[in-house]
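Colleague: Sharing a structure, written as structure tokens. Questions coming.
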Amino acid sequence: MNRPDSLFHRSALFLAAASALLAGCAAAPSRDDPFEPWNRAMYEVHQVVDGNVVKPVAEAYVKATPEPIRTGVSNFFGNIDDLFTGINNVLEG
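Position one of the sequence shown corresponds to residue 30 (the working numbering), numbered consecutively onward.
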């Protein structure tokens, strides 16, 4: 019966595999982001569009529509979102 020897080999193999897998975590990630200038520019564009277009439109919508209408619109889009959530849940299993 080589049971202790077999256990030693399994333990050594497990430790070697774990060390190899964890060594990848020790590598420093690359600091270079080739899309950083683009991302920063788009962030600024979105900030300007949000402040000058989206926010005034949203405020006008709130002032122009009564609460029951806004609730109905919100429920409508919530129901559509529930369809996609249900499909996603079915596909995930």
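All C-beta atoms, glycine included, are put in the ideal place defined by N, C-alpha and C.
Since the model is a prediction, treat every value here as computed from it, not as a measurement.
1. How many Å lie between P66 and E73 at the Cα?
2. Can you give the Cα-Cα distance for A45 and S59, rounded to whole angstroms?
3. Give the DSSP-derived three-state secondary structure of S103 in the structure shown.
4. Any idea what DSSP makes of S59, helix, strand or coil?
Modeller: The structure says:
1. 11 Å
2. 26 Å
3. Under the three-state reduction of DSSP, S103 is assigned to helix.
4. In this structure, S59 counts as coil in the three-state DSSP scheme.
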